[in-house]
Amino acid sequence: MKVSLDLIEFLKQKALWVRQETLKIHKIAPGTRLASSLSDVEIFTVLWYGKILRFDPDNTQWESRDRLIVSKGHGAISLYPILADFGFFDKRELKRVGKEGSFLGGIPDPIIPGFETVNGALGHGLGVACGMALALKRRRIEAYIFVVLGDGELFEGAVWEAIMFASHHRLDNLIAIVDNNKRSMLDYCKNIIDLEPIEDRFRSFNWNAESVNGHDVEELYLAITEFKNKDGSHPKAIIANTIKGKGVPSLENDPLCHVKSLTKDEVDSLLKELK
């Protein structure tokens, strides 16, 4: 399968725009988790602007829509500009993130149009997605469930229970995308529990699994599209190797960047450089 050069360039430009908008949101709401929200920019960009997700902003509960579960909810402010761009809510709301009366918080919830589930506690998104995927199959509705997981979430036992559940019930309408930025809140993941190579662990539970560069929009697009079109009886996992804090040098090289905030001046300086 080939991807047109026009689509690749379009996705690159959209990813740049999403990264810029994410920084602007962090400037407004410095308590948001910036580093975690920058590593998954290309994942969200490809899913939405690559027309992989099936959705209707005017009917957010459309039965046949694809569902996107952002299990790493703390890293989801990069999704806000995308939802606004597709008309799920007014773009002016992006300037009120974290403010009194705003429905856009540091950790999102289903009050946000287009956002499916609560994921403030890590480790539960995949289990919820398994329930959705099984229900859709039982009701013979042809829709996909996508789940974006943080690699640090894989330390949670509930995730592995969900992985076993998905393969036992042959949930081939389920695609997990692991944002493998290799850092959790307090250190590099390899210094806590080394799970690499993650794709082999999924395969050992009878999943189809593939590893890609999570900042390469073409690799992501091809992997997700191939899995979505693939026949079979297995759930699928894409291990997207990413950089936590992508685009911000002071975050990219800091193992504790998970809880680090930038000043308004730092954000302004970065926005001038990100072109």
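FYI, the numbering for the sequence shown is 151 to 425, going by the numbering used here.
By construction, the Cβ of each residue, glycine as well, lies at the ideal position given by its N, Cα and C atoms.
Cα-Cα separation between residue i and residue j, rounded to whole angstroms
| i | j | result |
| --- | --- | --- |
| Glu349 | Glu250 | 42 Å |
| Ile291 | Gly281 | 14 Å |
| Ile327 | Gly364 | 10 Å |
| Asp156 | Gly307 | 42 Å |
| Cys339 | Gly300 | 11 Å |
| Asn323 | Asp206 | 19 Å |
| Pro263 | Leu233 | 8 Å |
| Asn356 | Asp208 | 38 Å |
| Leu370 | Leu197 | 9 Å |
| Ala373 | Leu276 | 19 Å |
| His224 | Lys396 | 16 Å |
| Leu345 | Arg351 | 8 Å |
| Ser411 | Ser419 | 14 Å |
| Phe389 | Val362 | The amino acid occupying residue 389 in the given sequence is Ile; Phe does not appear at that position. The straight-line gap from Cα to Cα measures roughly 6 Å. |
| Glu416 | Ala271 | 30 Å |
| Val247 | Ile178 | 7 Å |
| Glu159 | Glu376 | 20 Å |
| Asp337 | Arg289 | 43 Å |
| Ser186 | Lys287 | 32 Å |
| Ser228 | Glu311 | 29 Å |
| Glu193 | Ser252 | First, the amino acid is wrong: residue 193 is Ile here, not Glu. In a straight line, the C-alpha of Ile193 is about 26 Å away from that of Ser252. |
| Asn341 | Val309 | 20 Å |
| Met151 | Glu360 | 16 Å |
| Thr182 | Gln163 | 24 Å |
CB contact flag (residue i, residue j, <8 Å)
| i | j | result |
| --- | --- | --- |
| Ile219 | Ile295 | yes |
| Arg353 | Lys394 | no |
| Val153 | Thr195 | no |
| Ala165 | Val191 | yes |
| Ile313 | Tyr230 | no |
| Leu188 | Val398 | yes |
| Gln426 | Leu401 | Any property of residue 426 remains undetermined from this structure, which presents the chain solely from 151 to 425. |
| Leu111 | Leu421 | In the structure as shown, the chain starts at 151 and stops at 425, and residue 111 therefore has no counterpart that could be examined. |
| Arg202 | Lys378 | The sequence given here has Ile at residue 202, not Arg. Going by C-beta atoms, Ile202 is nearer than 8 Å to Lys378. |
| Tyr199 | Leu161 | yes |
Per DSSP, the bridge partner or partners of residue i
| i | result |
| --- | --- |
| Ser361 | Ile389 |
| Asn330 | Asn391 |
| Val298 | Val220 and Ile327 |
| Tyr338 | Arg333 |
Neighbourhood of residue i by C-beta, 6 Å cutoff - its chain only, sequence neighbours within 5 removed
| i | result |
| --- | --- |
| Asn358 | His384 and Lys386 |
| Trp212 | Asp206 |
| Val297 | Ile219, Ser221, Gly275, Leu276, Ala279 and Ala326 |
| Pro180 | Ser411 |
| Phe239 | Pro263 |
| Met335 | His408 |
| Lys414 | Lys177 |
Own chain residues within Cβ distance below 8 Å of residue i, not counting five before or after
| i | result |
| --- | --- |
| Pro260 | Glu266, Thr267 and Val268 |
| Asp235 | Lys241 |
| Arg217 | Glu266, Ala279, Met282, Ala293, Tyr294, Ile295 and Phe296 |
| Ser317 | Phe355, Asn356, Trp357, His384 and Pro385 |
| Thr210 | Phe238, Pro263 and Gly264 |
7 Å Cβ shell around residue i - same chain, five flanking residues per side excluded
| i | result |
| --- | --- |
| Val141 | A question about residue 141 goes unanswered here, because the residues of the chain that appear run from 151 up to 425. |
| Leu284 | His319 and Leu321 |
| Asn331 | Ser189, Asp301, Thr392, Ile393 and Lys394 |
| Arg215 | Arg204, Phe205, Asp206 and Ala293 |
| Phe315 | Cys280 |
| Glu303 | Ser221, Lys222, Leu272, Gly273 and Val309 |
Exercise. Give a yes or no on contact between the segment 363–378 and the segment 400–411, applying the rule of three or more CB pairs nearer than 8 Å.
Key: These segments do not touch.
Practice problem: Please determine if the segment 367–386 and the segment 307–322 are in contact, where contact requires at least 3 C-beta pairs separated by less than 8 Å. | Solution: Yes, the segment 367–386 is in contact with the segment 307–322.
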